[in-house]
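In terms of the numbering used here, the sequence shown opens at residue 1 and continues consecutively.
Every residue gets a Cβ at the ideal spot worked out from N, C-alpha and C, and that includes glycine.
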Amino acid sequence: DVYLGAPVATPLDPRHRLVTTKYNPARTWTAENSVGIGGAYLCIYGMEGPGGYQFVGRTTQVWSPWQQRGAFEPGSPWLLRFFDRISWYPVDADELLELRADITSGRFVPRIEEGTFSLAAYQSFLAEHAEPIADFRARQQAAFSAERDAWEAAGEFARAAETSAPAVPTAEVAVPPGGRLIEAEFAASVWQLNVEPGDEVAAGQPLLALEAMKMESRVHAPTDGVVAEILARPGDQVEAGTALLVLAPPAR
Numbered sequence: 001d002v003y004l005g006a007p008v009a010t011p012l013d014p015r016h017r018l019v020t021t022k023y024n025p026a027r028t029w030t031a032e033n034s035v036g037i038g039g040a041y042l043c044i045y046g047m048e049g050p051g052g053y054q055f056v057g058r059t060t061q062v063w064s065p066w067q068q069r070g071a072f073e074p075g076s077p078w079l080l081r082f083f084d085r086i087s088w089y090p091v092d093a094d095e096l097l098e099l100r101a102d103i104t105s106g107r108f109v110p111r112i113e114e115g116t117f118s119l120a121a122y123q124s125f126l127a128e129h130a131e132p133i134a135d136f137r138a139r140q141q142a143a144f145s146a147e148r149d150a151w152e153a154a155g156e157f158a159r160a161a162e163t164s165a166p167a168v169p170t171a172e173v174a175v176p177p178g179g180r181l182i183e184a185e186f187a188a189s190v191w192q193l194n195v196e197p198g199d200e201v202a203a204g205q206p207l208l209a210l211e212a213m214k215m216e217s218r219v220h221a222p223t224d225g226v227v228a229e230i231l232a233r234p235g236d237q238v239e240a241g242t243a244l245l246v247l248a249p250p251a252r
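Next up, the structure:
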């Protein structure tokens with residue numbers, strides 16, 4: 001479970017494991033009940049929101065916060081549990097809409113079978129199919145390497161380096177006596193500037209916003225002062241310790 005009943009699942013058969021990158025930057029909106037893959041894991045989005053997993057399909061609800069009927073046990077808004085095994089079957093778009101309405105009303109209950117996962121049997125399966133599993137992994141790794149080489153040949157890595165603004169060395173930043181240097185506390189992207197040079201600010205006032213892992217974090221003024229210099233701009237990639245802004249002491 002990631003959040004809101006969203007499973008993190010991977011195929012039992014290693015030959016079925018797709019591996020892909022996540023969106024970067026992440027999407028600002030993802031439809032409820034979307035199915036995606038990020039890295040080697042599958043996830044179902046329990047409600048709409050941001051996200052980065054690559055889409056592979058759509059399904060019915062796995063999260064029901066307001067009422068629990070049918071497949072959802074009273075008091076348990078999540079459908080799936082640890083060690084559940086999921087089997088998929090295809091339906092067309094109209095049938096999916098009907099199933100979603102039916103599961104909400106309690107008319108549709110997915111087929112649930114009790115079972116036991118045997119580690120010994122699973123290890124025997126892996127041993128029996130060791131050769132084709134190894135062949136699959138070799139082909140997959142070769143495809144990864146070929147794709148990376150294609151990216152490099154297309155200049156993708158060079159372009160990323162060119163667009164990344166170099167960090168201003170802290171030692172080169174002039175901080176007036178009694179002033180403060182505002183630095184990034186973690187690796188992030190500069191999302192928004194809330195002040196301009198010359199602005200008078202009060203302690204606790206938002207100066208700028210950083211974004212990392214789909215989370216916005218405000219950087220606040222540690223004390224009263226005047227914005228003397230802004231060293232970062234929206235879109236800059238910064239590391240922990242990167243100089244962001246110079247705050248001069250308040251005017252007397």
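Closest option to M215, judged by alpha-carbon separation, among I44, T30, P50 and A31: P50. Annotation: the continuous beta strand (DSSP E) that includes P50 extends over G49 to G51.
Following the DSSP letters along the chain, one finds I230 inside the beta strand (DSSP E) bounded by residues G225 to I230.
With respect to the 8 Å criterion, G46 and F108 are not classified as neighbours on the basis of their beta carbons.
Around C43, the same chain offers V2, A6, P7, V8, G36 and Y53 as residues with beta carbons nearer than 7 Å, after the five sequence neighbours per side are excluded. The shortest C-alpha to C-alpha distance from N33 to any of E48, G39 and R27 is the one to E48.
Secondary structure remark: continuous beta strand (DSSP E) runs of at least 3 residues inside the region 20-57, in chain order: 27-30, 34-38, 41-44 and 49-51. Going by C-alpha positions, D135 is about 50 Å away from V219. Around the beta-carbon of Q61, 16 or more other beta-carbon atoms lie within 10 Å, marking it buried. Per DSSP, S118 is not a residue of any alpha helix (DSSP H), being assigned neither H nor E. Looking at the backbone, the Cα of P77 and that of E229 are separated by about 50 Å. Under the three-state reduction of DSSP output, Q192 falls in the strand class. Taking a cut-off of 8 Å on C-beta distances, the region 139-154 does not touch the region 193-213, as fewer than three cross pairs fall below it. As DSSP reads the structure, R180 sits in a beta bridge with L247. G198 and V226 have their C-alpha atoms roughly 6 Å apart.
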